[in-house]
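Engineer: Right, I'll just put the structure down here and ask away after.
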Amino acid sequence: MPAQNTRGGGCFDGLFALLAAVADIGVLAGTGVMLGLRGWARSSRDGKHTSGGPTGPSMDWTPVVWFAVVWAVMALTAYACWTSGLRITGGTQAVFAVLTGILLCVVLAHEYGESHPEPSAPSPTAPYNGTYGQCRSGGDSHECPGG
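Here's what the structure looks like:
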């Protein structure tokens, strides 16, 4: 009696990997569109962002949480597929999980940058008017005009 093969068939694994990749792309696109429309509606509703206090707008955690959930589901699916013997699907899911993790870091950095803007440069108190009493010839201030 031949030993049973615990690994999935190559054809099934490849087709399942393709189906999972299409589903991943659909989920990421849907999440991006939904969050993009949310941000667009939010910015058109109240100017740019709602002010979160004297330091500026508070950080919007919604996009970060959504992409973190998508990343976690992809990583768990990759692990489950890999341990069940579907190596092609598990590898494909792992690649998508890594790319989604990078996207998560980009979204986190963007949201942090939006909530913590660079401080504006202080305006000069008085414009620069010449040498301020210093003589360029090297002499003392009695030799220079205005000194």
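Quick note: our numbering has the sequence shown finishing at residue 148, numbered continuously throughout.
A virtual CB, placed ideally from N, CA and C, is assigned to each residue, including glycine.
Model, not experiment: these values are computed from the prediction.
1) If contact is defined by three or more beta carbon pairs under 8 Å, each pair taking one atom from either stretch, is the region 84-104 in contact with the region 13-30?
2) Does the Cβ-Cβ distance between T63 and L29 come in under 9 Å?
3) At the level of alpha carbons, what is the spacing between V108 and T78?
4) Around the Cβ of L105, are there at least 16 other Cβ atoms within 10 angstroms (buried) or fewer (exposed)?
5) Just verifying my parser: in three-state terms, what is the DSSP assignment at A42?
6) Would you mind reading off the limits of the alpha helix (DSSP H) that contains A95?
7) Helix, strand or coil for P120, going by three-state DSSP, please let me know.
Structural biologist: Reading from the atomic positions:
1) Contact between the region 13-30 and the region 84-104 is present, because at least three Cβ pairs lie under 8 Å.
2) For T63 and L29, no; Cβs fall outside 9 Å.
3) Rounded to whole angstroms, V108 to T78 spans 22 Å at the Cα level.
4) The residue in question, L105, is buried, as its Cβ has 16 or more Cβ neighbours within 10 Å.
5) Here DSSP, grouped into helix, strand and coil, assigns A42 to helix.
6) Run containing A95: R88 to S116, per the alpha helix (DSSP H) assignment.
7) In this structure, P120 counts as coil in the three-state DSSP scheme.
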